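Single-structure report; data block below.
Chains as they are written, first to last, in the working numbering: chain A, 1 to 154; chain B, 155 to 545.
Structure, rendered in structure tokens:
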């Protein structure tokens, strides 16, 4: 998208937040594929844990930048372990106590003995546009974007 | 690093090999010649200097983009330039001290700690022109026209111009008396055209409805020529500075349209907001996700060097321009001459070279073909005369 390989696209807010310097127009929240970006940890730990007391945490996630930013904003140091899937296994095998991941129903977390402890952001799919395309092809793109806007609002 | 990968260059750093280097140099000369006939004087600022001088008036953006090292002589921090514009401004404000408008141009390498685009280069060959000492739209028009002429000379046929003016947002933000933290977030949301985010920011703050509606209107104030007319209506109650910005934009747009280029307006285009003070323009080319040249007005940068001066200018990456213009210069035509020890031959070769011919002399050793040596003709002795023969 950034290269201009596509003029318009649909991207999850999680990806847009992870790659903050993406230079894309975030035109419209399509309101689909809704889920939450959460910090989770084993149920046993969650029972006695207080997120306010954290100073340094080890976290497994695929959202390296966004996780670091989230914790840094609260003054918490992070040791991040980048994983490419099945985040919920990290606490089970002792890689890290905590994970940052997308949660839709919460069933996967529950099945793996994990509990949500912190809410980072509500995630959904967004309509995005390449900046140069918007400027060069606005006559064609604008009506399409407007129709999508109406469809989402309606 | 093992022996095998000693040739590896750092990420985003590249070498330019003969064919490309030749075309690049031709392009560089062509563009500098053009700057010259437009009356722009060439300057050659240093590659490295004290950090404070490099970062003047550019905000944090350039700080993180600048490679730094400690000067072993003074212990002060030095930076490798990431942009030559502040250097040109310093030359104008501090060294030239002329009252009349000054036109400067430059070309040189700049280094960036991180590429501007994903997998982009970190070493750019920046070429640009700056006009100091004139605050009116006429100088913006001149710079925009020179920018288009430059890109045209580089062989980019189809160009779109994107115009904006940071004075519009600045005027409204000042009138709204936004708290600093909110201004930053609003700025970010506007830049991404994230309407929902802009609205939720407004809901969290108390801003008077007329200003609030005008700031919201910026999201829609983009498009073709009608954009300015719509802006006049929607921003009717805006402070005077906003209307001056629109007038300024109008005159620049008229001048560009006379060149037959499609113009796109975007009043929420805020790239380089901390740096620019007036009209901002960028040039887009089909198939390119990023602008191929950028520029605008940045009055006041000279202040830090002791003399505030109106300033407007543009710059582009010469390597990128070259890559956008397809084509292969091919091997240059050359005459291959024998290595014979013959004064008469030396004279003939000197004569040919003086005429601008490329003459390659054979070296003793393995005999190779004229073609392998890069030649298309050969200098041979015929009937006691040295003659050039095609192969």
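Virtual Cβ for every residue (Gly too), placed ideally from N, Cα, C.
Here the structure is a predicted model, which means the values were calculated and not measured.
- With fewer than three CB-CB distances shorter than 8 Å, the region 492-501 of chain B does not count as touching the region 455-474 of chain B.
- Boundaries of the beta strand (DSSP E) around residue 490/B: 489-491.
- Contact between residue 37/A and residue 120/A holds: CB atoms are separated by about 4 Å, below the 8 Å threshold.
- Annotation: residue 154/A has no Cβ neighbours in chain B at a cutoff of 9 Å; minimum Cβ distance is about 16 Å.
- Under the DSSP assignment, residue 98/A falls in the beta strand (DSSP E) whose first and last residues are 98-103.
- In the DSSP assignment, residue 469/B is bridged to 282/B, 448/B.
- When C-alpha distances from residue 426/B are compared across 239/B, 261/B, 272/B, the shortest belongs to 239/B.
- Fully contained in the region 382-458 of chain B are the following beta strand (DSSP E) runs of length 3 or more, in chain order: 417-420, 433-438, 447-451.
- Contact annotation: in the region 123-137 of chain A, residues whose CB is within less than 7 Å of a CB in chain B are 130, 132, 135, 136.
- Residue 414/B and residue 373/B have their C-alpha atoms spaced approximately 27 Å apart.
- Restricting attention to alpha helix (DSSP H) runs no shorter than 4 residues, the region 285-340 of chain B encloses them at 291-307, 320-330, ordered along the chain.
- For the region 329-347 of chain B, the set of residues with a beta-carbon nearer than 7 Å to any beta-carbon of chain A comprises 346, 347, in chain order.
- The three-state secondary structure of residue 86/A, taken from DSSP, is coil.
- Within 7 Å of the CB of residue 27/A, the CB atoms of chain B belong to 347, in sequence order along the chain.
- At least 9 Å separates the CB of residue 402/B from every CB of chain A.
- For residue 60/A, the enclosing beta strand (DSSP E) covers residues 56-61.
- Using beta-carbon distances, residue 24/A counts as an interface residue toward chain B, with a partner under 9 Å.
- The residues 42, 43, in chain order, have a CB closer than 6 Å to that of residue 113/A in the same chain once the five nearest residues on each side in sequence are set aside.
- Bounds of the alpha helix (DSSP H) holding residue 140/A are 138-153.
- Residues of the same chain with a CB within less than 7 Å of the CB of residue 217/B, apart from the 5 flanking positions on each side, are 209 in chain order.
- Residue state for residue 537/B is assigned as coil, using DSSP reduced to three classes.
- Here residue 14/A is buried, its C-beta having at least 16 other C-beta atoms within 10 Å.
- At a cut-off of 9 Å, the C-beta of residue 71/A has no neighbouring C-beta in chain B.
- Listed along the chain, the chain A residues whose CB falls inside 7 Å of the CB of residue 272/B are 2.
- In this structure, the straight-line span from the alpha carbon of residue 395/B to that of residue 175/B is close to 47 Å.
- Linking residue 463/B to residue 310/B through their CA atoms gives a straight-line distance of about 32 Å.
- A Cβ-Cβ separation of about 6 Å places residue 197/B in contact with residue 242/B under the 8 Å criterion.
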